[in-house]
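Below: one structure, written as structure tokens.
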Amino acid sequence: MDSPTGLYLLPSLFNHSCDGNAAWTCIGEVMVIRATEHISAGTEITLPYAGGYSYVERHSTLKHFMLSGCDCWLCKECKEDLKDGKAAIQRRHELYTKLLKGPKYSLAELRTLEQQIAKTYSSSRGPVRPITSKVQHAIASKLIALDSPSTLREGIKEELKALKGFGYKLHASSSASDLPIAMDRLPSMTDFYMAACIMICLSHLFLRLDDDRNAAGWLKAAVWGESGAFLSRSRSHYLLVTNAAIGGGKELFMLIMGLRIEHAGLQEFALHVL
Ligand SMILES: [Zn+2]
62 MDSPTGLYLL
72 PSLFNHSCDG
82 NAAWTCIGEV
92 MVIRATEHIS
102 AGTEITLPYA
112 GGYSYVERHS
122 TLKHFMLSGC
132 DCWLCKECKE
142 DLKDGKAAIQ
152 RRHELYTKLL
162 KGPKYSLAEL
172 RTLEQQIAKT
182 YSSSRGPVRP
192 ITSKVQHAIA
202 SKLIALDSPS
212 TLREGIKEEL
222 KALKGFGYKL
232 HASSSASDLP
242 IAMDRLPSMT
252 DFYMAACIMI
262 CLSHLFLRLD
272 DDRNAAGWLK
282 AAVWGESGAF
292 LSRSRSHYLL
302 VTNAAIGGGK
312 ELFMLIMGLR
322 IEHAGLQEFA
332 LHVL
């Protein structure tokens, strides 16, 4: 067997939803399952068995676990697109594969790819569009590499759009202790690591533009996002929330994301604000 495999008897009782109300993480042999939103008594708790940015990608994995497929809201949104023709959803998956496996694209080519992908969505589709987010993140990386104040600002805009497409609700932080993301729910359909990397990048960009308040907000948001926690809107508690999520808090965050923090030149800033 090529990859590690385990049978977890109690977790196997959870049903799947591509955007579940709980998320799972394995730390060695220990599986940690945390709620990603407030769950009322009597509500079924669901987990995403497998991730995947496109409907085609998710369902090609899920068919190994589920006979009937998934009909969560995210899949229903995708099926809405199917009404316009199965070709659109297949085309979107092909464009996504092209992004993953293709050559290194120029900024102009990535913009074209973004437009081509946008055409595969129905106009009624909601804001959650993980494939578009991947392209927007790639566009942001190109803009940031151009390294001028105006391209850094444009890069920030693209990264913020990418987070929205991953299901994060953003808001302008009104004070130094406020987080720039809504904490009532953590999207579980996308990879926390990816979102945390974007938030660290945003912190780095704002710091370069001498905007310490937003830089601190995004770094704190990354600590929150990485942990997979939500639980408290109390602004003084986000590090405690992280501890509650996977027991590691700021220390585990620094261990997991340390290289990213170092790469972004944020070590001293992180020590100061976290
Ligand atoms: Zn689904």
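Residue numbers for the sequence shown, in my numbering: 62 to 335. We put the CB at the ideal spot given by N, CA and C, even for glycine.
DSSP beta-bridge partners for residue i?
| i | result |
| --- | --- |
| Leu231 | Ile242 |
| Thr107 | Asn76 |
| Trp85 | Ile94 |
Using the Cα positions of residue i and residue j, report the straight-line distance between them to the nearest angstrom.
| i | j | result |
| --- | --- | --- |
| Thr86 | Ile94 | 7 angstroms |
| Pro188 | Ser194 | 10 angstroms |
| His198 | Gly113 | 16 angstroms |
| Val117 | Leu123 | 10 angstroms |
| Leu135 | Asp80 | 7 angstroms |
| Glu345 | Thr107 | Here the chain has residues from 62 to 335 only, and residue 345 is not among them. |
| Met127 | Gln328 | 44 angstroms |
| Tyr110 | Phe75 | 9 angstroms |
| Ala331 | His125 | 42 angstroms |
Please classify residue i as buried or exposed, where buried requires at least 16 neighbouring CB atoms within 10 angstroms.
| i | result |
| --- | --- |
| Glu220 | buried |
| Glu175 | buried |
| Ile88 | exposed |
| Leu207 | exposed |
| Tyr254 | exposed |
| Pro191 | buried |
| Ile100 | exposed |
| Lys337 | The structure shown does not extend to residue 337, since the chain spans only 62 to 335, so no value can be given for it. |
Using only CA atoms, which one of the options lies nearest to residue i?
| i | options | result |
| --- | --- | --- |
| Thr97 | Phe253, Phe330, Leu247, Leu280 | Leu247 |
| Lys281 | Ile217, Cys262, Glu138 | Cys262 |
| Leu240 | Ala283, Phe75, Leu224, Tyr182 | Ala283 |
| His333 | Met260, Ile150, Ala276, Ser211 | Ala276 |
| Gly103 | Ser129, Asn82, Ala331 | Asn82 |
| Met315 | Gly67, Leu270, Ala257, Asp273 | Ala257 |
| Ser185 | Lys137, His265, Arg153 | Lys137 |
| Cys133 | His77, Leu161, Ser167, Thr181 | His77 |
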